[in-house]
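Colleague: Using the working numbering, read the sequence shown as starting at 1154 and increasing by one per residue.
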Amino acid sequence: MKRKILIILALTFLSCGIFFVQGCSSSKQENLTTYNLDLEYDSDLHLLYGSEEVVYYNNYDNMFTSLYFHLYPNAFRSDAKNKVVSSTNQSSAYPNGESYGQIEIKSVKVDGSEREIVVAGEDENILEIDLNRELYPD
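1. Does the segment 1184-1193 come within contact of the segment 1258-1275, defined as at least 3 CB pairs closer than 8 Å?
2. For the pair the segment 1244-1254 and the segment 1207-1214, tell me if three or more CB-CB distances fall below 8 Å.
3. What first and last residue would you give for the alpha helix (DSSP H) that runs through A1246?
4. Return yes when the Cβ of L1224 is within less than 9 Å of the Cβ of I1256, no when it is not.
5. Considering only the alpha carbon of each residue, which of N1227, V1237, A1233 and S1244 lies closest to I1107?
6. Straight-line CA distance for S1245 to I1279?
7. Thinking K1234 and D1197 are a contact (beta carbons under 8 Å), I'd like their distance in whole angstroms, please.
8. Check whether the Cβ atoms of N1211 and L1288 lie closer than 9 Å to each other.
9. Tell me the DSSP secondary structure of Y1209 in three-state form.
10. Taking the DSSP output, what are the residues bridged to R1148?
Right, here's the structure in full:
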């Protein structure tokens, strides 16, 4: 049976945009990773709340002790160092004025156990999840 990791991310989105979590893929085997989202949008506050469940299968040749997720909405924070829109294109990208956003992770669980939230990267755009064990390929 394939070894799997169950990761539940309780997410609070401070953006009304859509986000994408970059999944892992492998040319060697079919990517069996699944993402299940349960989301609720507050139209008054323009906030998206939700949780995400990721089931990850290691299809690589090496073992993992951590998994990484991109937090793309953090590129839209007002204090982001690497702006996604250059100053020359801001007026066309934001015709109604600048609109900032971000993502806030409230909790992370691996196989039902609470894990420390580690957000890294110059723009706080990488979530590192310590698996607390080795995840070997199948």
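By construction, the Cβ of each residue, glycine as well, lies at the ideal position given by its N, Cα and C atoms.
Modeller: In short:
1. no
2. no
3. Mapped onto the sequence shown, residue 1246 falls at position 93. That run of the alpha helix (DSSP H) goes Q1243 to A1246.
4. Your numbering for residue 1256 matches position 103 in the sequence shown. Your numbering for residue 1224 matches position 71 in the sequence shown. Going by C-beta atoms, I1256 is nearer than 9 Å to L1224.
5. With the chain covering 1154 to 1291 only, the question about residue 1107 has no answer from this structure.
6. Locating residue 1245 in the sequence shown gives position 92, where the first residue counts as 1. Locating residue 1279 in the sequence shown gives position 126, where the first residue counts as 1. Taking the straight line joining both Cα atoms gives about 28 Å.
7. Numbered from 1 along the sequence shown, position 81 holds the residue referred to as residue 1234. Numbered from 1 along the sequence shown, position 44 holds the residue referred to as residue 1197. So it is not a contact: roughly 31 Å between Cβ atoms.
8. In the sequence shown, the residue the question calls residue 1211 occupies position 58. In the sequence shown, the residue the question calls residue 1288 occupies position 135. Closer than 9 Å, so yes.
9. Along the sequence shown, read from residue 1 onward, the residue named residue 1209 stands at position 56. Of the three classes helix, strand and coil, the one that applies to Y1209 here is strand, per DSSP.
10. Only positions 1154 to 1291 of the chain appear in the structure, and residue 1148 is not among them; the question remains open.
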